[in-house]
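Take a look at the structure below.
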Amino acid sequence: MGNMSSQRADFAGQVAIVTGAATGIGQEIATLFLRRGAAGVVIADINGPMAERTAAELQAIGPCVAIRTDVSDEASVAAMVTGCREAFGRVDSLVTSAGVHLHKLVVDTSLDEWNRQLSVQLSGPFLCAREVARDMLAHGTRGSIVNIVSAAARMGRVKGAAHCASKAGLTLLTQVLAMELGPHGIRANAVGPGLIDTESQRDETVMSTAYKTAYMKEIPLGTLGEPIDIAEAVLFLCSDAARWLTGQTLYVDGGFLAGNLSLQGLADLFDETPMSHRAQ
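Structure below.
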């Protein structure tokens, strides 16, 4: 966990749902909500036992509950929102962090693999945003939705078709949500992480040191990001400090997208094994 943030009460009385929150970036976001005084956080994750463990750990910081959620399943998402309201009585913020990552050439990608990526990373945020927006509209909540996209939403890369397409689509979905929900006082923004130092990214079978080294040479700030960097950006967008900010994508990437790197040159360094873990 990051230790850059002090205990503050920015979100006192407010409740957040974070999908994909059992591990990694999602867990860091949920933790920071609690450290900032949230009255409740839902740890929504398809891995129920892991979500329960994370919630049990975070109870030491503040009130949270685990709700097993398959974001690609309509009924599961509806139950997530109902469960949040039953546990905490309200929903003020939604952060869609659940993701699966596939690294394959288009010609090697099956339709099932393509559909799985889009169902989790595009249809999933759509369902979550729709159900949370319905709840907010029904209760007059002036809330916030933040979708986790990726630097891949702005830059195509070899073996990233499904990932890039889903994240690019999510940036445009975010803009439409901002337009439709803005008149009701509900804001929608996105955060696009660059390469983040998570446990899964440290696995050599997932991402080689050679790839990370080559990637880091193209980051002006010269280091990988940390989960807390993404969490801080998300909480800023959910806070009153961003009350006149909607429809935007904030790329937290150490300056990577400031350049014009084509990731095609890095493709050969990347491990060939398809990935099914959470990653940004």
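The numbering of the sequence shown is our numbering, which starts it at 848 and goes up by one.
A virtual CB, placed ideally from N, CA and C, is assigned to each residue, including glycine.
From Thr-988 to Ala-1088, what does the alpha carbon distance come to, in whole angstroms?
17 Å
Helix, strand or coil at Gly-1041 according to DSSP, with G and I counted as helix:
coil
Pull up the distance between the alpha-carbon of Thr-1056 and that of Glu-978, whole angstroms please.
Distance between the alpha carbons of Thr-1056 and Glu-978: 40 Å.
Return the CA-CA distance between Met-1122 and Lys-951, expressed in angstroms with no decimal places.
With a pLDDT of 42 at Met-1122, under the threshold of 50, the modelled position of this residue cannot be trusted; read the value that follows with caution. Each residue's alpha carbon lies about 9 Å from the other.
Does the distance from the C-beta atom of Val-918 to that of Gly-971 stay below 8 Å?
yes
Local Cβ density within 10 Å of Gln-906, reported as buried at 16 or more and exposed below that
exposed
Backbone secondary structure at Ile-864 - three-state DSSP:
strand
Would Gln-874 pass as a contact of Asp-939 if the rule is Cβ separation under 8 Å?
no
What are the partner residues of Ser-991, as DSSP defines its beta bridges?
Ser-940, Arg-1034
Under a three-way DSSP split, which group does Ala-856 fall into?
coil
Can you tell me whether Thr-878 is buried or exposed, with buried defined as 16 or more other CB within 10 angstroms of its CB?
buried
If you run the structure through DSSP and keep just helix, strand and coil, what is Leu-1097?
Residue state for Leu-1097 is assigned as strand, using DSSP reduced to three classes.
Helix, strand or coil at Ala-886 [DSSP, three-state]:
coil
For Gly-1072, name the three-state secondary structure that DSSP assigns.
It is a strand residue.
Out of curiosity, what's the CA-to-CA distance linking Met-1002 and Pro-1074?
21 Å
Whole-angstrom distance between Ala-1025 and Asp-857, CA atom to CA atom:
23 Å
Inside the stretch 888–940 only - alpha helix (DSSP H) runs reaching at least 4 residues:
895–905, 921–935
Quick check: the stretch 954–963 against the stretch 896–906, are there 3 or more CB pairs under 8 Å?
No, they do not touch.
Less than 8 Å between C-beta atoms, sequence neighbours within five positions excluded: which residues of the same chain meet that for Gly-895?
Ala-913, Arg-915
So, under 8 Å CB-CB, Ala-868 and Ile-890 are touching, yes? Tell me the CB distance rounded to an integer number of Å.
4 Å
Given this structure, state the Cα-to-Cα distance separating Leu-965 from Ser-1013, to the nearest angstrom.
5 Å
Is the beta carbon of Ala-998 sitting closer than 8 Å to the one on Gly-946?
no
Closest to Ser-944 by C-alpha separation, out of Leu-984, Met-983, Thr-870, would be which residue?
Thr-870
Who pairs with Gly-1007 in a beta bridge, going by DSSP?
Lys-951
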